[in-house]
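Number of protein chains: 2
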Amino acid sequence: MIKPRTPPGVLELLPREQVAFQRMLDTIRSTFEAWGFLPVETPVFELSEVLLTKTGGETERQVYFVQSTGALEKAAQGDDAGLPEMALRFDLTVPLARYVAEHEHQLAFPFRRYQMQRVYRGERAQRGRFREFYQCDIDVIGKDTLSPRFEAEVPAVINAVFERLGIGEFTIQLNHRKLLRGFFAGQGIDGDAQALVLREIDKLDKRGEAAVRDTLVGEGFGLAPEVADRLLAFSRIRSTGHLDALDRLDALGPGTELFEEGRRELRALLGQLHALGVPESRYAINLSIARGLDYYTGMVYETTLDAHPEIGSICSGGRYDDLASHYTRSRLPGVGISIGLTRLFWQLREAGLVEAASSPVDVLVALFDEHSLHASLELSRALRAAGLNVETQLEPRKLGRQFQYADRAGIRHVVVRGGDELERGVATVKDLRSGEQFEVALDDLADALLARRDAGAAR
Amino acid sequence: MIKPRTPPGVLELLPREQVAFQRMLDTIRSTFEAWGFLPVETPVFELSEVLLTKTGGETERQVYFVQSTGALEKAAQGDDAGLPEMALRFDLTVPLARYVAEHEHQLAFPFRRYQMQRVYRGERAQRGRFREFYQCDIDVIGKDTLSPRFEAEVPAVINAVFERLGIGEFTIQLNHRKLLRGFFAGQGIDGDAQALVLREIDKLDKRGEAAVRDTLVGEGFGLAPEVADRLLAFSRIRSTGHLDALDRLDALGPGTELFEEGRRELRALLGQLHALGVPESRYAINLSIARGLDYYTGMVYETTLDAHPEIGSICSGGRYDDLASHYTRSRLPGVGISIGLTRLFWQLREAGLVEAASSPVDVLVALFDEHSLHASLELSRALRAAGLNVETQLEPRKLGRQFQYADRAGIRHVVVRGGDELERGVATVKDLRSGEQFEVALDDLADALLARRDAGAAR
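What follows is the structure in structure tokens.
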């Protein structure tokens, strides 16, 4: 006997939790489609040679390799030549780059794609760390050029997604890489030094301002104290609204050309967010956001739940200048975001913010007695034809146990039809949520159940 | 520069093919839910120890193993002890068995689950053979017992799925393991010999009747010629309808107790299929169906497209007596089927029966000129709020090129609003499918587009 268990680091859900998860996936998908994004799915594995062109040290160490039994045997005999042929994707960005480069001539640009699949990372086993998790990504990829206007559309999509998910108020934190780099250059910090300083500043929340300042003016960096102070003052700028954001930016005074360009783009972006009807309470400039330093070149985004800052960013991304330089000579600038849905779902569940959903099954058609089996099947058929999700009780059991089963399975309505109900052309409905029980004419049954279902869903 | 390409043996789709594929997945899912099945997803990998309890030789040789970088390095240093820790699932049945055994006490039985995920097999690279493919499974699992009535529900679900998929007429081939075993026993063939003889009979289509008969009466089997003839006559029984099926079965005369039991169950099943409204043209008894000999114990199913027999079975399964004997002492009988959707989609595409779907994007809101950007964004917002999927043209381009883009991307409607249209409160709609172009009052625009979309979808 083998103990049935999953590998560590995965989130496997019970059916009604899976229903809740699936509803989140559906909401995200329909929102992405409402904004004109097209679905893409890629294989779970890529050729190692293709997957590992771009990775640095840490990611490469987290890659899972895939080997057929044959390859494994060869390796065991020492016939091995380097890496296994294939590896599991560790994000959806590298597969996107490969996809766009491979199918470049069959795609219409700007190419707007969404992708919602699982990715794999050999994380250390730890509570809340997942080795398999869903990412839900959108990206817009241009050919040669891509207007900064697409960078304004992205926060509007983020807003729509989390509004529809209904998991509480949230704030989209915005920063602009050009502002950041422009400001740093204005302080005499250029090139590689920018990345190093930014990495320090990114530790503000963890280490505190005094410790970060000490590091910046210390031997390694050797910044003048007044420069360190200006950097810290800059990264403290966090607006809480639309006009406020622009005021604070304007108050920084004129800067380098790059800084001015960033400010112009950000100003245009805020205007577009307004035209798109994104409430001002939902976004804020936060000049301390410093993610993907080597990769992003324009807007960067992080999203936090107002009531749960401890969860960290639930949706992040930004603008990049060249998606697929390893695979094609075409220049493919883009902008995109990623929602780590498995981690988000897990954290919402931990915080008591999601629970097992009601069953997708609307009705259990009970089995009154052995003689009414065919009547039950015909009734089930009619209810399904009307658009209801129906389970039919097939095994003879006491009615009480049938109600018990429906209750346990999260099915709200039980319909019973037998005895004289068959002759009278009626059925009895029991609503397990409210406890009500009533008789309905057979002809009205489907409509009555549909109305109750839809009223229940609206609540 | 690395050549962007997928590993061999995967089916990667262009976005509009992916839309068509996604619609098939959605149809299957909603049908499964209409019949009261609940969603389950399991991790792509299982512990090797858990996954490989049940497999025989061939499947085990097709398994893909998964190793982290660390484990790979250890193995290279000879610190290896046996199989890698994890392997990719090769079907959805073993993960189901593990899932039900693991979560047994949290599930309501009979447990009805559907699962639609990809599975992995190291098939030899060959056209139409996939190493990664979707399976769409349903199973009903009982605790201790499961009524044969569930075996009648399954063909009704198969019927509903393929009716809704609309890929042409189909026939569900039915056989009953008890009929088969009972008949064989009546001919003096028992135990292991049944499996061996059945395996021969399963080759009828490939080898022809004469060759199979030769083998059966030859040295290996040594059956009497008249027994071989009776077996072949039995396996030739293929009904084309409801009453016909029963007549032919009755004409076989009385048999062993097991045979009679199978006949009783089959008779009851045909009555239930009738009550469930499954058209008689959609199913047929076919006593040559012999799949999963060691596994199935009651009804077995195969489904073929009437116009494309060459595709083979597109949906198969059956009744089994114990799902998870490797993982639990509980007896878990069940019945289930599997649709190999990737292979089916590929074959339908090869046969010209599916094509790239129209875009899920209903409308492209064109950009008339630079001054109308915010008007475009506001219009897009209003159309989205009405339930339309909208892409907004953000980059300035000639209108002709915007139409060209929409056409290429499969977007049916383009809405233009600029110049005096802004003042007059109207917009111009161009339908790229019909070529029509007309003006609509802004207040009526969303309704007009929704009506055209829904009329288009109904066609």
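Protein chains in written order, with my numbering: chain B, 1 to 459; chain L, 1001 to 1459. Glycine included, every Cβ here is placed at the ideal spot set by N, Cα and C.
Query: Does any C-beta atom of chain L lie closer than 8 Å to the C-beta of residue 36 (chain B)?; Result: yes
Query: Would you tell me roughly how many angstroms separate the C-alpha atoms of residue 388 (chain B) and residue 1196 (chain L), rounded to the nearest one?; Result: 46 Å
Query: Whole-angstrom Cβ separation of residue 1483 (chain L) and residue 1262 (chain L), contact assumed at under 8 Å?; Result: Because residue 1483 (chain L) is not part of the residues shown, which for chain L are 1001 to 1459, the question remains open.
Query: Decide if residue 459 (chain B) is buried, meaning its Cβ has at least 16 other Cβ atoms within 10 Å, or exposed.; Result: Bear in mind that the predicted position of residue 459 (chain B) carries a pLDDT of just 49, short of 50, making it unreliable; the figure below should be weighed with that in mind. With fewer than 16 other Cβ atoms within 10 Å, it is exposed.
Query: Just reading off the beta strand (DSSP E) that residue 37 (chain B) is part of, what are its end residues?; Result: It is not in any beta strand (DSSP E) - residue 37 (chain B) carries neither H nor E in the DSSP assignment.
Query: Near residue 1258 (chain L), which residues of its chain fall below 7 Å by C-beta distance, leaving aside the five closest residues on each side in sequence?; Result: 1178, 1181, 1182, 1185
Query: How close, in whole Å, do the beta carbons of residue 1235 (chain L) and residue 1201 (chain L) come, if the pair is a contact with beta carbons under 8 Å?; Result: 5 Å
Query: Is the shortest distance between the beta-carbon of residue 330 (chain B) and the beta-carbons of chain L less than 8 Å?; Result: no
Query: Could you have a look at residue 539 (chain B) and say whether DSSP puts it in helix, strand or coil?; Result: Because residue 539 (chain B) is not part of the residues shown, which for chain B are 1 to 459, the question remains open.
Query: Would you mind listing the beta strand (DSSP E) stretches within the segment 398-426 of chain B that are 3+ residues and don't spill past its ends, in chain order?; Result: 413-416
Query: With a threshold of 7 Å on Cβ separation, who are the neighbours of residue 189 (chain B) within its own chain once the five nearest residues in sequence on each side are excluded?; Result: 197
Query: Could you please give the first and the last residue of the uninterrupted beta strand (DSSP E) stretch that includes residue 1163 (chain L)?; Result: Where residue 1163 (chain L) is concerned, there is no enclosing beta strand (DSSP E), although the alpha helix (DSSP H) it sits in stretches over 1149-1165.
Query: Beta carbons nearer than 7 Å to chain B: which residues of the segment 1092-1103 of chain L have them?; Result: 1098, 1101, 1102, 1103
Query: Take the Cβ of residue 1145 (chain L) as the centre, count every other Cβ of all protein chains shown within 10 Å, and call the residue buried at 16 or more, exposed below.; Result: exposed
Query: Do the CB positions of residue 89 (chain B) and residue 119 (chain B) come within less than 8 Å of each other?; Result: yes
Query: Leaving out five residues before and five after residue 1136 (chain L) in sequence, what residues of the same chain have Cβ atoms less than 6 Å from its Cβ?; Result: 1028, 1116, 1339, 1341
Query: For residue 461 (chain B), which of L:1366, L:1409, L:1023, L:1035 has the nearest alpha-carbon?; Result: A question about residue 461 (chain B) goes unanswered here, because the residues of chain B that appear run from 1 up to 459.
Query: Taking the alpha helix (DSSP H) that residue 1200 (chain L) belongs to, which residues open and close that run?; Result: 1191-1201
Query: Kindly list, in the order they appear in chain L, the residues whose Cβ is closer than 8 Å to that of residue 155 (chain B).; Result: None at all; the shortest Cβ gap to chain L is about 13 Å.
Query: With the cut-off set at 8 Å, would you say residue 1086 (chain L) and residue 1147 (chain L) are in Cβ contact?; Result: no
Query: So with Cβ pairs under 8 Å, would you call residue 280 (chain B) a contact of chain L?; Result: no
Query: What runs of the beta strand (DSSP E), each 3 residues or longer, lie entirely inside the segment 1245-1314 of chain L?; Result: 1283-1285, 1296-1305
Query: Taking residue 1031 (chain L) and residue 1171 (chain L) to be in contact with their CB atoms under 8 Å, please state how far apart those CB atoms are, rounded to whole angstroms.; Result: That pair is no contact at about 18 Å.
Query: What does the alpha-carbon distance come out to for the pair residue 1093 (chain L) and residue 1289 (chain L)?; Result: 20 Å
Query: Should residue 1002 (chain L) be flagged as near chain B, meaning a C-beta pair shorter than 8 Å?; Result: yes
Query: Nearest to residue 1343 (chain L) by CA position, among L:1307, L:1380, L:1128, L:1270, is which residue?; Result: L:1128
Query: For chain L, check one thing: does any of its Cβ atoms lie closer than 8 Å to the Cβ of residue 459 (chain B)?; Result: Because residue 459 (chain B) carries a pLDDT of 49, less than 50, the predicted location of this residue cannot be relied on, and no value is offered for it.
Query: Scan the segment 1061-1072 of chain L for residues whose Cβ lies nearer than 8 Å to a Cβ of chain B and list them as they occur along the chain.; Result: 1061, 1062, 1063, 1064, 1065, 1066, 1067, 1068, 1069, 1070, 1072
Query: Should residue 1206 (chain L) be counted as a contact of the ligand ADP given a C-beta to heavy atom distance under 7 Å?; Result: Inclusion of the ligand ADP in the displayed structure is not the case, the ligand content being empty and no account of it being possible.
Query: Sort L:1164, L:1038, L:1099 by Cα distance to residue 1327 (chain L) and report the nearest one.; Result: L:1099
Query: For residue 272 (chain B), does the count of other Cβ atoms within 10 angstroms reach 16, so buried, or fall short, so exposed?; Result: buried
Query: Just to check my reading of the structure: residue 1110 (chain L) and residue 1283 (chain L) have Cβ atoms closer than 8 Å, yes? What is that Cβ distance to the nearest angstrom?; Result: No, residue 1110 (chain L) and residue 1283 (chain L) are not in contact; Cβ-Cβ is about 23 Å, not under 8 Å.
Query: Pick from L:1445, L:1231, L:1365, L:1122: whose alpha carbon is nearest that of residue 1380 (chain L)?; Result: L:1365
Query: Distance, Cα to Cα, residue 1097 (chain L) vs residue 395 (chain B)?; Result: 22 Å
Query: Leaving out the 5 sequence neighbours to the left and right, which residues in its chain are closer than 8 Å to residue 1122 (chain L) when beta-carbon positions are compared?; Result: 1061, 1062, 1063, 1064, 1131
Query: Using a Cβ-Cβ cut-off of less than 9 Å, give me the residues of the segment 1107-1134 of chain L that come near chain B, in sequence order.; Result: 1107, 1108, 1109, 1110, 1111, 1112, 1113, 1118, 1120, 1122, 1131, 1132
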